[in-house]
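Take a look at the structure below.
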Amino acid sequence: MEVAAPEAIAKYEPVIGLEVHVQLATQTKIFCGCPTSFGAPPNTNVCPVCLGLPGALPVLAREAVELAMKAALALNCTINPSSQFARKNYFYPDLPKGYQISQFDRPLAEHGYLDINVDGAKKRIGVTRVHMEDDAGKSVHDGFKDSDQYSYVDLNRCGMPLIEIVSEPDMRSADEAHAYLTEIKQVLQFVESSTCDMEKGHLRCDANVSVRLRGAEKFGTRAEVKNLNSFRFLKAAVDYEIARQVAIVEAGGVILLETRLYNSDTGVTIGMRSKEQAHDYRYFPEPDLVPLRIGDEWRSRVKASMPEVPSAKRARFMGSYGLREYDAQVLTLTRPMSDYYEQVVDASGDPKTAANWVMGDLAGALKAAGKEIEESPVSAAHLGELVKLMGKGDISGKLAKEIFPKMFATGEPASVIMEREGLRQISDSSALEKIVDDVIAANPKQAEQYRNGKTTVLGFFVGQVMKASRGQANPATLNEIIQRKLS
Amino acid sequence: MSLTEKEVRYVADLANLKLNPDELERMVADLGEILGHMDRLGEINTDDVAPMAQVLYEADISSTLRADVPRETLGNQAALANAPLSGSGYFKVPLVIERS
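Order-wise, the sequence lines are chains R and E. Going by numbering that gives the first Met the number 0, the letters in the first sequence line up with residues 0 to 486, in that order. Going by numbering that gives the first Met the number 0, the letters in the second sequence line up with residues 0 to 99, in that order.
Take a look at the structure:
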C-alpha cells in the first residue's frame, strides 16, 4: 500500500475519534456471578448465563453500574436517569448468545469531555457517550496441531463487564489521540473504575480516522482501525492510516467507509472484507433486563465517593503546594504515586522537599530495586518524618542522604537508625566549636588565606568539619561558628 | 402491512436461515400477518404513555440488581459437555478467518 510523502501529508488535516473499551474492576461478570479472574484455564469461569444456554437470564451487577458511573462522572458526563440495554445481533463463534448486550439509543451517560495536554497546549476533547456492555469470548486461531482446520474458543471472557467510551472527532494528530488515551487510562485508574491493564486487554481502542484538506469544513470519509491494543500501536496505526488516506486522495482516489485491521508486525492497516449485511445489527431493547434507572440519591452518593481526578490534583499540587507543572505531572502519574506523595506532605509539612525526595532518592532506589511505589520499603510516614527532621534542622541534607538508603534497606524509621548508629546532628555549639578549633589548627595555611580575604576557603572548612563529625554537624550553625573563629 | 419476498430473504439471511421456495412463501404470509397484528396495536392511542421496553417498568431498582459476589461456576467439563467438538479445554469450531 502506498503512503504519502510528508509534504503531501502536511496539506491535510487528520480528523480522529476514538472508541475505547475498558473492563470494569468488578469481582464478577456483568450479568452473572462468574469470577473475572484473569488467566483461568479455558472455559472454567463460565455458567449458563455467559454461555448463552437457553433459558438463562442476565442480572446486572450493582458494582458494575457504580464503576461505570464513576468513569462517566470522571469524564464529565451527564448520567441519564434512565438508560436501556439493547441486543446487538451478529453471529460469531465467541458470541454464544448470538447477540451482545450493549446500550444503543439510551446510553448510561453522555455529553462529557476530557482535557488533554500536547506540547504544552491544552485541548478539550468531547466525550460523546459512555455505555455499558458485555464482552465476547476469545478465539484462538493458532498454536494447536489442527489449527489449520479448527479455531479454538474460550468463553471465560464472555460477559466481562465493559464500558465503551466514544469520543467526538476532536483529535487532529496521532499525538493528540495518544494523549487522550493516556488521560483516559490515568483518570479511570484514579477513580478505580478499571485497572486499565493493557496486557490483560482491560483497555482496548479503535480509531476512526479521516483526512481533509486544511481549511476544508467537510469531514472526509472515515476508516475504522481496529486492534490497537497498545499506545505505541495506536500512534503508529493512526500515522500510517493518515499517510495511506492522503496518498489515495492525492492520487484522485476515494476513501472507502470500512473497517481496517492494524497489523503490528508489518505496521500497516488492512481492509477487512466484510459483507454489507454484517453492519445490520438489528438492535432492539433487551427484553430480559429492565431499564437502568439511576435516581438523584444514587448518583449523589457515587459522586460523593469520587476521589479527586488527576487534572484537579495537578492543579492543586501547583496551586497549594507551589510545585512546578512537570513535578505535578510526575507525582500524579498514578494513584499510588500521588497518594504516597500526599502522605509524605502530611507527615512532613514540606511539599517541595517531599516532592524532591519522592521523585529523587525514593524513585531512584525503587527503580534500582525493581519495585513499584506500593512496595516501597520506606513508608510514606517514615519518609515524611525524615523530611521533617531535615526541616527542623535536626539533621543535615547530607546526613539524610546517608540515612535514607539504610531506611530503604531495613524498612526502619530514621530515628531508629540514627539511634543505633550513633548518627545525630551535632547542634550543641560547644561540641561543634571544639571540632572547628581542631580543624583550623590542623589547616593553618587555609586559615591564613581566609584572613587575607579569600573567603571561598570557607567551603573547605565546612567540608573538613563535616568530615570530622561524620556528617553530623548542623550546617546552619556551622557556617556561623567557622566564620567567627576565623576572623 | 406486508413484506416482500426480498425483505424476507434479507431477514432470513441475517438469521443464518436457508429457506426453500415453499418456506419462503409461507414466511412472507406468516410474517405479514404478525406485522398486521402489530398494525392493529398501533391503532391504540398511546400519546400519554412513555415508550417502554417491557412491562416490569416500575420494579424497584434494588430488586433488579445483583451483589458483586462470585458464585460457583459450571466448570470446564460441564461447559463442554454438549459441544459437538472440543479439545484442550476449548470449544472447537470450523476455521474462522475474519470478523467485523
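All C-beta atoms, glycine included, are put in the ideal place defined by N, C-alpha and C. Note that the structure is predicted; figures quoted are calculated from it, not measured.
Spatial distance of R:Leu-398 from R:Asp-169 (CA atoms):
52 Å
>> So, at 7 Å on beta carbons, what are the nonlocal neighbours of R:Lys-302 in its own chain, with the 5 sequence-adjacent residues on each side left out?
In response: Leu-72
What first and last residue would you give for the alpha helix (DSSP H) that runs through R:Ser-192? Careful: R:Ser-192 lies outside any alpha helix (DSSP H) and carries neither H nor E.
Pair within 9 Å by beta-carbon distance, R:Leu-202 and R:Gln-26: no
* In whole angstroms, what separates the C-alpha of R:Gly-125 from that of R:Cys-76? -> 10 Å
Original post:
Which word fits R:Glu-275, buried or exposed, when buried means at least 16 other C-beta atoms lie within 10 angstroms of its C-beta?
Top reply: Confidence is the limiting factor: at R:Glu-275 the pLDDT is only 49, short of 50, which leaves the residue's position unreliable and the question unanswerable from this model.
Checklist line | Within chain E, partners of R:Glu-191 - CB distance below 9 Å | finding: Ordered by position in chain E, no residue passes the 9 Å Cβ test against R:Glu-191, which lies about 13 Å from the chain.
Quick one: does R:Glu-285 have its CB under 9 Å from some CB of chain E?
yes
- request: Specify, as a first and last residue, the run of the beta strand (DSSP E) that R:Val-224 falls within.
  value: 222-227
Determine which residues of the segment 49-64 of chain R have a Cβ less than 8 Å from any Cβ of chain E, and write them out in chain order.
Leu-50, Val-58, Leu-59, Ala-60, Arg-61, Glu-62, Ala-63, Val-64
Can you tell which of R:Val-237, R:Asp-279, R:Cys-195 has its C-alpha closest to the C-alpha of R:Ile-269?
R:Val-237
(Q) Once the 5 residues before and after R:Asp-349 are set aside, which same chain residues still bring their CB inside 6 Å of it? (A) Val-386, Gly-390
### Proximity winner among R:Leu-365, R:Ala-354, R:Gly-136, relative to R:Gly-383 (alpha-carbon distances)
R:Ala-354
>> For R:Asn-478 and R:Phe-459, what's the separation of their Cα atoms in angstroms?
In response: 11 Å
Practice prompt. List the whole-angstrom C-beta distance separating R:Phe-30 from R:Val-58, where the pair is believed to meet the contact cut-off of C-beta under 8 Å.
Written response: 6 Å
Report task. Give the residues from the segment 17-49 of chain R that approach chain E closer than 8 Å (Cβ to any Cβ), ordered along the chain. Result -> Thr-25, Gln-26, Thr-27, Cys-31, Gly-32, Cys-33, Pro-34, Pro-40, Pro-41, Asn-42, Thr-43, Asn-44, Val-45, Cys-46, Pro-47
* To do: Determine the direct distance from the alpha carbon of R:Asp-360 to that of R:Thr-220, and round the result to whole angstroms.
  => 52 Å
* Could you tell me which chain E residues have their CB closer than 8 Å to the CB of R:Pro-80, listed as they occur along the chain? => Within chain E, no residue comes near R:Pro-80; the closest Cβ sits about 11 Å away, beyond 8 Å.
### Message
Does R:Pro-160 come out as helix, strand or coil in the three-state DSSP assignment?
### Response
strand
* To do: Report the option in R:Val-224, R:Leu-457, R:Asn-451, R:Gly-452 whose CA atom is closest to the CA atom of R:Ile-439.
  => R:Leu-457
For R:Ala-327 and R:Met-336, which I take to be in contact (beta-carbon distance under 8 Å), what is that distance rounded to the nearest angstrom? Actually they are not in contact, since the Cβ atoms of R:Ala-327 and R:Met-336 sit about 12 Å apart, beyond 8 Å.
key: Simplified DSSP assignment, three categories, for R:Ile-434   = helix
task = Quick one: residues in its chain with C-beta nearer than 6 Å to the C-beta of R:Leu-291, no 5 flanking neighbours on either side, listed in chain order?
result = Ser-82
Is R:Leu-227 buried or exposed, if buried means 16 or more other CB atoms sit within 10 Å of its CB?
buried
When the Cα atoms are used, what is the spatial distance from R:Glu-374 to R:Ser-193?
20 Å
For R:His-130, count neighbouring Cβ atoms within 10 angstroms of its own Cβ and tell me buried if that reaches 16, exposed if not. buried
- Quick one: is E:Thr-3 near chain R, going by C-beta distance under 9 Å? no
Does any CB atom of chain E fall closer than 9 Å to the CB of R:Ser-150?
yes
query: Which whole-angstrom value describes the C-beta separation of R:Gln-244 and R:Ser-209, a residue pair presumed to lie in contact below a C-beta threshold of 8 Å?
result: 7 Å
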